[in-house]
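This report refers to the structure that appears directly beneath it.
Number of protein chains: 2
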Amino acid sequence: MLAFGIDPGSQNTGFGVIRTRGSKLEYIDAGVIRTPNGAALEDRLLTIYLGLEAKLLEHRPDLVVLEAIFHHENSRSALVLGHARGVALLAARRSEASIDELSPAEVKKAVSGSGRADKHQMKEMVRMLLGLAKAPASDAADALAVAIAGSARARSPLLAARSARQAPR
Amino acid sequence: MLAFGIDPGSQNTGFGVIRTRGSKLEYIDAGVIRTPNGAALEDRLLTIYLGLEAKLLEHRPDLVVLEAIFHHENSRSALVLGHARGVALLAARRSEASIDELSPAEVKKAVSGSGRADKHQMKEMVRMLLGLAKAPASDAADALAVAIAGSARARSPLLAARSARQAPR
Numbered sequence: 319m320l321a322f323g324i325d326p327g328s329q330n331t332g333f334g335v336i337r338t339r340g341s342k343l344e345y346i347d348a349g350v351i352r353t354p355n356g357a358a359l360e361d362r363l364l365t366i367y368l369g370l371e372a373k374l375l376e377h378r379p380d381l382v383v384l385e386a387i388f389h390h391e392n393s394r395s396a397l398v399l400g401h402a403r404g405v406a407l408l409a410a411r412r413s414e415a416s417i418d419e420l421s422p423a424e425v426k427k428a429v430s431g432s433g434r435a436d437k438h439q440m441k442e443m444v445r446m447l448l449g450l451a452k453a454p455a456s457d458a459a460d461a462l463a464v465a466i467a468g469s470a471r472a473r474s475p476l477l478a479a480r481s482a483r484q485a486p487r
Numbered sequence: 319m320l321a322f323g324i325d326p327g328s329q330n331t332g333f334g335v336i337r338t339r340g341s342k343l344e345y346i347d348a349g350v351i352r353t354p355n356g357a358a359l360e361d362r363l364l365t366i367y368l369g370l371e372a373k374l375l376e377h378r379p380d381l382v383v384l385e386a387i388f389h390h391e392n393s394r395s396a397l398v399l400g401h402a403r404g405v406a407l408l409a410a411r412r413s414e415a416s417i418d419e420l421s422p423a424e425v426k427k428a429v430s431g432s433g434r435a436d437k438h439q440m441k442e443m444v445r446m447l448l449g450l451a452k453a454p455a456s457d458a459a460d461a462l463a464v465a466i467a468g469s470a471r472a473r474s475p476l477l478a479a480r481s482a483r484q485a486p487r
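The listed protein sequences derive, respectively, from chains C and P.
Following our numbering, the numbering of the first sequence begins with 319 at its first residue and continues without gaps.
Following our numbering, the numbering of the second sequence begins with 319 at its first residue and continues without gaps.
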């Protein structure tokens, strides 16, 4: 299965692509779609949308995975993040992939075995699980972690039943 | 000038199209893009995006106008609204129109002469300004109000300089 993780942000949007065969994980691609500093929001949204569309067409994943967001420190940053997340979900929807959302705790648990791993531990676990010599950039590592956790749930019928997909409806 | 107002929402997205010749206002089109109850968020976003894309292609407006949002009652509803607003801005960006955002107070002031008009007064003013026999549906009336205010600002160099476009960047 080819899983495509997205970590959307209004400045930087990370993506990470992995292939799983049984319990084996293989790194395929990862990167960060960066938007120009000070650009209008609609220009940044177009950059994110076209960047994701190109990568989704290139890899044709079976599954697109995003982190579900249940709350956010403040309504203004939630609103701006929502814009980026909206175009990311639209790009995912226009690909042929299934879409899943996982809670941050599920992602941490699937990758590190603990729901409370910190950012550094997560990055190091992603590096080790994928056999990379060097840890990827933070936003790319977050997206790879989401892809790893999403593909783990997709392989496990028990986990798949407890989907966080009620998320921001 | 042809102005296209959008009132995005995760359930219903209103749009309203008006033509201005000097200070004359002409109603062209308005309606509501409704999303199926209980549909997945990405399905609703696709409905909103394709609905707006079709209407923007049909009318080819010079200007697309949205209400700027500076704060919101809570971060969860801000996040969901942000998703809808994100795909609306993307559709606007992919059209050939300029994009402008106005504060709710500016929209009220331009349409009713007062920054504190209530929803009912606004709807009635929109009906009168456009010479309609019957007030349009609420979301469509909101979008028409935004289009009226946006085209008023675009015609006034003084008003145009005070753009609310710093909005949710």
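Note that CB positions come from ideal geometry on N, CA and C, so glycine has one too.
Contact annotation for Tyr367 (chain C) against chain P: Leu408 [CB-CB distance below 8 Å, chain order].
Between Ile336 (chain C) and the set C:Gly400, C:Val398, C:Asn355 and C:Ile466, the nearest pair of CA atoms involves C:Ile466.
If the five residues before and after Ala455 (chain P) are omitted, its C-beta is found closer than 6 Å to the C-beta atoms of Val350, all from its own chain and listed in chain order. Contiguous beta strand (DSSP E) elements confined to the stretch 405-473 of chain P occur at 416-420, taking only those with 3 or more residues. Contact of Asp361 (chain C) with chain P is assigned, a C-beta pair being separated by under 8 Å. Not a single C-beta of chain P is nearer than 8 Å to the C-beta of His377 (chain C).
Residue-level contact check: Val405 (chain P) touches chain C, since one or more beta carbons of chain C fall below 8 Å from its beta carbon. The beta carbon of Gly400 (chain P) sits closer than 8 Å to some beta carbon of chain C. In terms of beta-carbon proximity, Arg473 (chain P) stays away from the interface with chain C, with every pair separated by 8 Å or more.
Among the residues facing chain P, Leu397 (chain C) is included, as its CB has a counterpart in that chain under 8 Å away. Interface with chain P (8 Å Cβ-Cβ cutoff): Arg411 (chain C) is included. The three-state reading of DSSP puts Asp347 (chain P) in strand, counting E and B together.
In chain order, Met319 and Ser469 place their CB closer than 6 Å to the CB of Thr338 (chain P), counting only its own chain and leaving out the 5 sequence neighbours on each side. Out of C:Asn330, C:Lys437 and C:Glu424, the CA that lies nearest to the CA of Phe388 (chain C) is found in C:Glu424.
Looking at the DSSP output, Asn330 (chain C) shares a beta bridge with C:Arg352. Under the 8 Å criterion on CB atoms, Ile387 (chain C) is classed as interfacial with respect to chain P. Contact between the stretch 402-414 of chain C and the stretch 392-405 of chain P is present, with at least three C-beta pairs closer than 8 Å. As DSSP reads the structure, Arg378 (chain P) sits in no beta bridge. Comparing alpha carbon positions, the residue from P:Val444, P:Gly433 and P:Leu399 closest to Glu360 (chain P) is P:Leu399.
Counted as a single uninterrupted DSSP element, the beta strand (DSSP E) harbouring Phe322 (chain C) occupies residues Leu320 to Asp325. Three or more beta-carbon pairs drawn from the stretch 375-386 of chain P and the stretch 414-421 of chain P are found closer than 8 Å, and the two stretches are therefore classed as touching.
Inclusion of Gly332 (chain C) and Ala472 (chain C) in the CB contact set at 8 Å is not warranted, their separation being larger than that value.
Put simply, the CB of Ile417 (chain P) is near chain C, with a gap under 8 Å to one of its CB atoms.
The beta carbon of Ala453 (chain P) is closer than 8 Å to those of Lys441, Glu442, Val444, Arg445 and Ala459 in its chain, skipping five residues each way along the sequence. Contact between Arg362 (chain P) and Ser395 (chain P) does not hold, since the beta-carbon distance rounds to 15 Å and is not under 8 Å.
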